[in-house]
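A.B. asks: Residue 116 in numbering that gives the first Met the number 0 is what sits at position 117 of the sequence shown, and the numbering runs on without skipping anything.
Before anything else, here's the structure in question.
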Amino acid sequence: MDFITLILTMLVGVVAGFLNTIAGGGSLLTLPFLVFLGLEASVANATNRVAILLQNVVGTLRFRRKGVLDLKEAMFLAFPALLGAVLGTYVVINIEERFLKLVIAAVISIMAFLLVFKPKMWETQKEKHFPIWAKVPIFFLIGVYGGFIQAGVGFILIWALVGVVGKDLVRANALKVAIVLAYTTVSLALFMSKGMVDFAIGFSLAAGNMCGAYIGAWFAVSKGNRWIRYILAAAVFVSAIRMAMGALGA
0 MDFITLILTM
10 LVGVVAGFLN
20 TIAGGGSLLT
30 LPFLVFLGLE
40 ASVANATNRV
50 AILLQNVVGT
60 LRFRRKGVLD
70 LKEAMFLAFP
80 ALLGAVLGTY
90 VVINIEERFL
100 KLVIAAVISI
110 MAFLLVFKPK
120 MWETQKEKHF
130 PIWAKVPIFF
140 LIGVYGGFIQ
150 AGVGFILIWA
160 LVGVVGKDLV
170 RANALKVAIV
180 LAYTTVSLAL
190 FMSKGMVDFA
200 IGFSLAAGNM
210 CGAYIGAWFA
220 VSKGNRWIRY
230 ILAAAVFVSA
240 IRMAMGALGA
């Protein structure tokens with residue numbers, strides 16, 4: 000890469016890292032950018048995981064130091080997601096993405112509606128009593144999607160962590176980055192075993208993502224649920240439109 004491309008890649012990474020840590024949808028920015036740089040879509044999907052991994056190392060450590068991350072709970076929820084990510088990564092090349100993108104676009108649009116019109120649902124921590132047998136398959140399926148394409152998985156994880164587990168947005172974000180860190184480690188290893196990762200671009204993007212994650216974790220803790228809800232709603236609406244357009248070939 001030339002110097003200008005390097006700087007641009009890092010700047011895109013900063014924005015993506017911030018969005019991924021505080022809401023989600025950063026990969027909906029980075030994947031098209033990596034393809035624009037000349038990577039094949041499959042290589043872009045794999046290379047993006049380098050930045051995701053390192054970004055979530057920073058985010059997890061930051062949330063842990065702020066005292067809003069329960070590692071035991073994160074490990075419990077991450078295990079089924081990790082298993083799902085193994086499956087999702089293995090089938091990523093063979094599965095038709097169009098229908099899946101349309102479904103996810105619809106789901107996150109509904110979530111955006113709830114973010115705007117049902118704020119107490121997101122801003123108050125609730126004790127949920129979903130049985131283990133209900134939580135495990137939900138996080139397994141989220142892991143399948145995360146291993147498959149990653150883009151937009153943050154929105155789905157936040158929905159699950161708020162609606163199923165009962166966390167407020169700050170703690171949901173903390174758990175989210177820890178879960179994504181866990182399954183991305185395995186997913187990236189599988190991509191690497193197939194020689195699909197461009198490390199030069201991946202580490203350049205990761206440098207920006209790590210900076211964005213640091214800022215995002217600070218913002219999430221210091222600004223609280225209300226600001227996260229507004230940013231999340233905006234990111235969800237934009238991401239839903241992008242997913243639907245991509246699925247329809249627009």
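Note that beta-carbon positions come from the ideal geometry of N, C-alpha and C, so glycine has one too.
Let me know if M74 comes out buried or exposed under the rule of 16 or more other beta-carbons within 10 Å of its beta-carbon.
C.D. replies: exposed
A.B. asks: When the Cβ atoms of the segment 57 to 69 are set against those of the segment 155 to 165, are three or more pairs found closer than 8 Å?
C.D. replies: no
A.B. asks: Whole angstroms are fine: how far does the CA of D69 sit from the CA of G142?
C.D. replies: CA-CA distance, G142 to D69, rounds to 19 Å.
A.B. asks: Might you give, ordered along the chain, the residues of its own chain that have their beta carbon closer than 8 Å to the beta carbon of L82, omitting 5 neighbours on each side?
C.D. replies: Cβ-Cβ distances below 8 Å link L82 to F139 and G142 in the same chain, with the five nearest sequence neighbours on each side left out; the list follows chain order.
A.B. asks: Report the rounded CA-to-CA distance for T88 versus F190, giving the unit in angstroms.
C.D. replies: 8 Å
A.B. asks: May I ask you to check if the CB of A77 is nearer than 7 Å to at least one heavy atom of the ligand MG?
C.D. replies: Among the components modelled here there is no ligand, and therefore nothing to report on the ligand MG.
A.B. asks: Assuming G146 contacts A15 (C-beta within less than 8 Å), just tell me the rounded distance between them.
C.D. replies: 19 Å between Cβ atoms; not a contact.
A.B. asks: Taking the CB atoms as reference points, tell me whether L180 and N55 lie closer together than 8 Å.
C.D. replies: yes
A.B. asks: Identify which residue in P31, Y182 and L7 has its Cα closest to the Cα of L86.
C.D. replies: Distances from the alpha-carbon of L86 to those of P31, Y182 and L7 put Y182 closest.
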